[in-house]
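Student:
Numbering (this note's numbering), first residue to last: 43 to 335.
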């Protein structure tokens, strides 16, 4: 049986800077977006070559800031295969109205960029009182919120999980845990601590694979522990393409290699099942397509 694969972390960049001008968060554009600016059309070619069925296209905040236009224009061209994960200034007075505007243009998830290669914050702004209306709205409409952060922002993530237990949170790149000590991965204690929150999901990307493949860590020991702590139904794969080097086919192959010791059921959940739970529009589109085939 062919493994169904859904990518919940690809990015796209337009060559048309007039229609889609650069305005990166923090004023610094990410290196990958300048060095490997794949368009939507190029991503479609990559996904078809890699055997990826559907994708939740993640807007590039480090290229376009809060202007989700290119991602929205792209996913709306093929709603059977794509939904969008967009960025919004959640402290803005009209943030809920803005979210509703983007929902009409393919938005199935919200993404908050707290800390990464170009921006470093402790994420306290994500839990400021003026943002509560957005978190309450996310609970009301059952929309997943992806958070990009490093260990500096995990205390804020924990507060969000506690304060808004009805909101599903997915942590990009697992929050970039420290795996340098190898099994049983005591240095990744902040990640294991968060497993107690049932509304937290983890996004496994090639950044995680690279860490797990660097000795003394091993994919077999790390991913077995990750499944044991969180359950496969709270884990999902995202390519981080093209921010990570390599073709999409190569990144998928790396995933197959790293997941080899997991059960078939767990692999199926990570490759697609959890993604369909987080972004049910993708499942609905697939069912509709099958029914009309």
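Think of the CB as a built atom: it goes at the ideal place given N, C-alpha and C, for glycine as much as any other residue.
#1: So for residue 189, helix, strand or coil by DSSP?
#2: Provide the residue(s) that pair with residue 278 in DSSP beta bridges, ordered along the chain.
#3: What first and last residue would you give for the alpha helix (DSSP H) that runs through residue 117?
#4: Once the 5 residues before and after residue 82 are set aside, which same chain residues still bring their CB inside 6 Å of it?
#5: Report all residues from its chain with a CB closer than 6 Å to the CB of residue 251; omit the five preceding and five following residues, and keep chain order.
#6: Taking 9 Å as the threshold (C-beta atoms), are residue 198 and residue 164 in contact?
#7: Roughly how many angstroms lie between the CA atoms of residue 50 and residue 86, to the nearest whole one?
#8: Can you round the beta-carbon distance between residue 181 and residue 208 to whole angstroms, since I take them to be within the 8 Å contact cut?
#9: Measure the C-alpha to C-alpha separation of residue 291 and residue 90 and round it to an integer number of angstroms.
#10: Residue 244 to residue 267, Cα distance in whole Å?
#11: Taking the Cβ atom as the reference point for each residue, do residue 52 and residue 322 lie within a distance shorter than 9 Å?
#12: Using 8 Å as the cut-off, can you tell me whether the segment 58-66 makes contact with the segment 254-264, which would need three or more C-beta pairs spanning the two stretches below that distance?
#13: Could you check whether the Cβ of residue 300 sits closer than 8 Å to any heavy atom belonging to the ligand GTP?
#14: Given that a residue counts as buried once 16 or more other Cβ atoms are within 10 Å of its Cβ, and exposed if not, what is residue 153?
#15: What span of residues does the beta strand (DSSP E) with residue 125 cover, start to end?
#16: Would you report the Cα separation of residue 68 and residue 308, rounded to the nearest angstrom?
#17: Within the same chain, show all residues whose beta-carbon is closer than 6 Å to that of residue 45, passing over the 5 residues directly before and after it, in chain order.
#18: Are the Cβ atoms of residue 185 and residue 151 separated by less than 9 Å?
#19: Return the residue from the list 104, 248 and 210 that minimises the CA-CA distance to residue 316.
#20: When we look at the beta-carbon of residue 88 and count the other beta-carbons within 10 Å, is it buried (16 or more) or exposed?
#21: Hey, how far is the Cα of residue 169 from the Cα of residue 202?
#22: Secondary structure at residue 294, three-state DSSP: helix, strand or coil?
#23: Going by CA-CA distance only, name the one from 231, 106 and 48 that's closest to residue 72.
#24: Given this structure, state the Cα-to-Cα distance separating residue 98 from residue 127, to the nearest angstrom.
Tutor: Result, derived from the coordinates:
#1: When DSSP states are grouped into helix, strand and coil, residue 189 belongs to the strand group.
#2: Checking the DSSP bridge columns, you'll see residue 278 partnered with 245.
#3: In the DSSP assignment, residue 117 falls within the alpha helix (DSSP H) that extends over 111-117.
#4: Closer than 6 Å at Cβ, skipping near neighbours: 54 and 116.
#5: Residues 296 and 300 of the same chain have their beta carbon placed closer than 6 Å to that of residue 251, with the five preceding and five following residues left out of the count.
#6: Yes, these two residues count as a Cβ contact at 9 Å.
#7: Each residue's Cα considered, the two are about 14 Å apart.
#8: Right, the Cβ-Cβ distance comes to about 4 Å (below 8 Å), so this counts as a contact.
#9: The C-alpha of residue 90 is placed about 9 Å away from the C-alpha of residue 291.
#10: Their Cα atoms are separated by approximately 13 Å.
#11: It is not a contact, given that the beta carbons lie outside the stated cut-off.
#12: Counting Cβ pairs under 8 Å, fewer than three are found: no touch.
#13: No copy of the ligand GTP appears in this structure; indeed no ligand is present at all.
#14: With 16 or more neighbouring CB atoms inside 10 Å of its own CB, residue 153 falls in the buried class.
#15: Here the beta strand (DSSP E) through residue 125 covers 124-128.
#16: Going by the C-alpha atoms only, they are around 38 Å apart.
#17: Contacts found: 313.
#18: Yes, the pair counts as a contact, with Cβ atoms nearer than the cut-off.
#19: Of 104, 248 and 210, the residue nearest in Cα terms is 210.
#20: By the 10 Å Cβ count, residue 88 comes out buried.
#21: Distance between residue 169 and residue 202, taken at the CA atoms: about 6 Å.
#22: DSSP places residue 294 in helix when its eight states are reduced to three.
#23: Comparing Cα-Cα distances from residue 72 to each of 231, 106 and 48, the minimum goes to 106.
#24: Whole-angstrom Cα-Cα distance: 6 Å.
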